[in-house]
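Read the structure below first, then the notes.
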Amino acid sequence: MKNVIYSKFSNERNPRLAIRTDILEDETGRRFVCKVPEFPEGREHVKRMYRWYQELSKLSKGSILSFNHCEATEEGVEFQYLTGETFEEHLLNLQRSESKERMAEEFLNFLHLVRSLHKGDTYRRSREFEEVFGRVDLPEGSECAKVTDIDLLAGNLLLDGERWTAIDYEWSFDFPIPVNYLLYRIIFYFTEHARRYDLREWDFFGKMGITKEEIRSFEEMETNFQHYVCRGHVPVRDLYEEISPGVFPMEETMGKEALQLFFDFGNGYSEKDSLTIPMDNFRIDRTIELPKGLHSLRVDPGSAAGMIQLDKLSLDGGKTDCPFTLREGAVLGNWIYAGDDDPNLLIHELPEGAHSLTVSLTVYPMDQIPMEEVERTAKEVMEQRTLIREMKNTKVWKAYEKYQNLRKR
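Residue numbers for the sequence shown follow UniProt numbering, beginning at 1 and rising by one.
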């Protein structure tokens, strides 16, 4: 006899997709995972998981990837109960114990493996695809597999020696889905969704040949997929947006109390060719010796959007500031409005033999901006209306306004 020792309800979904996941234990202590439909109309969705196991096992045959063993039961499906380190945990441990380079190498190897397995079909429009992912602009002819598990994420893989086992393949489909969408999801949920913005330097999307146009289409697909799953329901995680004026994430206002310099020796910017200098209460005022052979220089003042009061940024003790470009925001006299997380100033034109950089600046998180001083400076640079329009047209500023309104209440 098997006893239920844990249950998880995934019932904030379309009734056709709502399920219950039980962990069962028999008299010998052996455990199993059982998935059953929460409503009668969900039986077909659950039963399909056994078929996905059979089809995906054919897909991965001969590779180091396998799919958790599944058997059909009278009520639903039953899986092996597996424990161990996930591939995501392995990558993060690798980053801590060895290097980011080693972590990135293993992650890229996995992405290439996924691409190599997903062949045999090409994308074409279909009614089934549009029901799940909506009408999106995708080029026909993209490479696909006969069956795609779109949840083949790093956190859904368990490692056992040389074997990688996918433990969750509920979201599998047998109509053509471009393999680049699967790769996009794997990269997105490991990097952007997990707020690991420091991994952007590896440009995993670019290395896998995923274009900016594709990313925009895949973002739309992802939104439509979430609507498909929750059709007719508003999940608890989304209720705040429905019933409140908004949320302002205070942790994002703080930023890192550090200045990071990235040195380009002709091969672009990388973490290994960088220097991190602690700030004192969001303030830095010092001269830094520069390495030889520099092509360009990137100055990162903190890691969050906000205002930067730039008093000095000069080379070799010069009296005038050296020119720089800002990725997103506006420059208003000696004030810089950084409208994006991870603000950076790019110094492209370094004179040959430049040996030092003098930096004097203060970083103001969004909730600490001295607006009266900023506005006074702005009036000297441009009409106030232009300033307000530029600053208020960003998501960060709109969130800040919501925060101020909430605080006034």
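For every residue, glycine included, the Cβ atom is placed at its ideal position computed from N, Cα and C.
Asked	Found
Burial state of methionine 307 (16 or more Cβ within 10 Å)	buried
Residues that DSSP places opposite lysine 292 in a beta bridge	Its beta-bridge partners do not exist; DSSP assigns none.
Phenylalanine 39 versus phenylalanine 204 - alpha carbon distance	40 angstroms
Methionine 307 in three-state terms, based on DSSP	strand
N- and C-terminal bounds of the alpha helix (DSSP H) containing valine 114	100-117
8 angstroms contact criterion, which glycine 134 and asparagine 224 should meet: CB distance rounded	3 angstroms
Same chain only: Cβ atoms within 6 angstroms of arginine 9, ignoring 5 sequence neighbours per side	For the record, residue 9 in the displayed sequence is phenylalanine; it is not arginine. Closer than 6 angstroms at the Cβ level, and outside the excluded window around phenylalanine 9, lie Arg20.
Cβ shell of serine 142 (< 6 angstroms), same chain only, five flanking positions each side left out	Tyr123, Pro178
Buried versus exposed call for leucine 82 [16 or more other C-beta atoms within 10 Å across all chains shown]	exposed
Nearest-angstrom beta carbon gap, phenylalanine 263 and leucine 297 [assumed within contact, 8 angstroms]	6 angstroms
Buried or exposed by the 16-neighbour rule on C-beta atoms within 10 Å, applied to glutamine 226	exposed
Any beta strand (DSSP E) of 3 or more consecutive residues that is wholly inside the segment 109-191	120-122, 143-145, 157-160, 163-166
At least 3 beta-carbon pairs within less than 8 angstroms: the segment 332-339 vs the segment 279-290	no
Contacting residues, own chain, Cβ-Cβ under 8 angstroms from threonine 86 (five flanking each side not counted)	Ala154, Gly155, Asn156, Leu157, Leu158, Leu159
Buried or exposed by the 16-neighbour rule on C-beta atoms within 10 Å, applied to proline 249	Caution applies to proline 249, whose pLDDT of 48 falls short of 50 and renders its modelled position unreliable; the value that the coordinates give is listed next. When all chains shown are included, proline 249 counts as exposed.
Cβ pair aspartate 137, serine 7 closer than 7 angstroms	no
According to DSSP, residues forming a beta bridge with residue 426	Nothing in the structure corresponds to residue 426, since the chain is present only between 1 and 409.
Alpha-carbon spacing of phenylalanine 190 relative to glycine 42, whole angstroms	30 angstroms
Proximity winner among Lys402, Pro176, Trp171, relative to proline 139 (alpha-carbon distances)	Pro176
Cβ separation of phenylalanine 79 and valine 4, assumed to be a contact under 8 angstroms, to the nearest whole Å	Actually they do not touch by this definition, with Cβ atoms about 15 angstroms apart.
Tryptophan 202: first and last residue of the uninterrupted beta strand (DSSP E) it sits in	No beta strand (DSSP E) contains tryptophan 202, which DSSP labels as neither H nor E.
8 angstroms Cβ shell around glutamate 251 - same chain, five flanking residues per side excluded	Caution is warranted here: a pLDDT of 44 is assigned to glutamate 251, below 50, making its placement in the model unreliable, and the coordinate value is therefore given only provisionally. No residues qualify anywhere along the chain.
Boundaries (first-last residue) of the alpha helix (DSSP H) holding leucine 17	It is not in any alpha helix (DSSP H) - leucine 17 carries neither H nor E in the DSSP assignment.
Proline 323, buried or exposed, once every other Cβ within 10 Å from all chains shown has been counted against 16	exposed
Three-state secondary structure assigned by DSSP to glycine 317	coil
Sequence-distant residues of its chain with Cβ nearer than 7 angstroms to leucine 59 (five each side left out)	Leu117, Ala145, Val147
Option nearest residue 411 by Cα separation, candidates His112, Arg13, Gln54	As displayed, the chain neither begins before 1 nor continues past 409, which places residue 411 out of reach and without an answer.
Whole-number beta carbon distance between aspartate 311 and asparagine 344, since they are thought to touch under 8 angstroms	With 8 angstroms as the limit, asparagine 344 and aspartate 311 do not qualify as a contact, their Cβ atoms being about 18 angstroms apart.
Close beta carbons around tyrosine 53, own chain, < 6 angstroms, minus the five adjacent residues each side	Phe67, Cys70
Helix, strand or coil at aspartate 342 [DSSP, three-state]	coil
Arginine 163 versus Leu313, Glu27, Leu65, residue with shortest Cα-Cα distance	Leu65
Beta-carbon proximity of valine 114 to valine 77, cut-off 7 angstroms	no
C-beta atoms of leucine 332 and aspartate 321 nearer than 7 angstroms	no
Buried versus exposed, by CB contacts within 10 Å (16 or more), glutamate 401	exposed
Check whether histidine 355 and leucine 290 have beta carbons under 7 angstroms apart	yes
Per-residue DSSP class, three states only, for threonine 223	helix
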